[in-house]
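Beneath this line is the structure, given in structure tokens, with notes to follow.
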Amino acid sequence: MRTKVFIFAMIATLLFGAGCDKAQQAKTSILGKWQIEATGESEEDMMPYDPYKINQDYFEFRQDNTVWHYCATCVGEKYFQVATYKIDSKHFSWYNPGSDEPEVYKYEFYGDKLKITSVSPRYAGNLTILISNVVVYKRVK
27 MRTKVFIFAM
37 IATLLFGAGC
47 DKAQQAKTSI
57 LGKWQIEATG
67 ESEEDMMPYD
77 PYKINQDYFE
87 FRQDNTVWHY
97 CATCVGEKYF
107 QVATYKIDSK
117 HFSWYNPGSD
127 EPEVYKYEFY
137 GDKLKITSVS
147 PRYAGNLTIL
157 ISNVVVYKRV
167 K
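109 is the number that this note's numbering gives to position 83 of the sequence shown; each next residue is one higher, with no gaps.
Set out below in structure tokens:
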């Protein structure tokens, strides 16, 4: 009887997975260096972020939930912390320094790309100008 229960448990584990949920996979998958590939107000109007391919900037997502930015074109400090982040099974949240209100995104990994889409429209200040609501990153090797 114990053998049958053990075999059933092993088969169930193989079929349904064991302990590695989407949130943990996402947390592991986001770690590393990412470069912005395209941005847009919506999926329909995506534009290349760096059409001349001269941009060496990247964002580094670290295990301690900090986001660091390497800015090749910046004068002065070139590598600095720009935000903290949280990622769960559905949403990616970006916290700017000094703000308790996150920018919340839905995310999707595909291959070496990460697409984040704003949960609610984002506007520049009090203006009615919609800013990047969709950002596609590519992994920097």
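All residues carry an ideal CB built from backbone N, CA and C; glycine is no exception.
Small disclaimer: the values here were computed from a predicted structure and weren't measured.
Close beta carbons around residue i, own chain, < 7 Å, minus the five adjacent residues each side
i: L41; result: Below a pLDDT of 50, predicted positions are generally treated as unreliable, and L41, at 44, falls in that range; the measurement from the model is reported next regardless. None.
i: C138; result: Strictly speaking, residue 138 in this sequence is Asp, with Cys absent from that position. K164, R165.
i: T92; result: Q107, T110
Close Cβ partners of residue i (< 6 Å) along its chain, the five nearest in sequence each way excluded
i: E86; result: K59, W94
i: Y121; result: A109, T110, P128
i: F118; result: Y131, Y133, I142
i: Q82; result: A98
i: A44; result: Its pLDDT being 48, under 50, A44 is placed unreliably in this model, and the value from its coordinates should be taken loosely. Cβ within range, chain order: n/a, list empty.
Beta-bridge pairing of residue i - partner residues as DSSP gives them
i: Q50; result: Q50 is not bridged to any residue.
i: S144; result: Y131
i: V166; result: The partner list for V166 (beta bridge, DSSP) is empty, contrary to what the question assumes.
i: I62; result: Y163
Cβ separation of residue i and residue j, assumed to be a contact under 8 Å, to the nearest whole Å
i: V161; j: T54; result: Wrong, their Cβ atoms sit about 20 Å apart, outside the cutoff.
i: L140; j: I56; result: 7 Å
i: N52; j: S144; result: One detail in the question is off: residue 52 reads as Ala in this sequence, not Asn. Between S144 and A52 the Cβ distance is about 17 Å, and since that is not below 8 Å, they are no contact.
Sequence-distant residues of the same chain with beta carbon closer than 8 Å to residue i, five excluded per side
i: S146; result: V130
i: K112; result: N91, F118, S119, Y121, P128
i: A49; result: I113, D114, S115
i: Y105; result: W94, H95, Y96, C97
i: Q89; result: L57
i: D47; result: S115
**OP:** Go through the region 67–142 residue by residue and report every complete run of the beta strand (DSSP E) that reaches 3 residues or more, in order.
**Re:** Entirely contained in the region 67–142, the beta strand (DSSP E) runs reaching 3 residues are, in chain order, 84–87, 92–96, 105–113, 117–121, 129–136.
Subject >> Touch test, the region 68–75 against the region 94–108, Cβ-Cβ under 8 Å, three pairs minimum >> reply: No, they do not touch.
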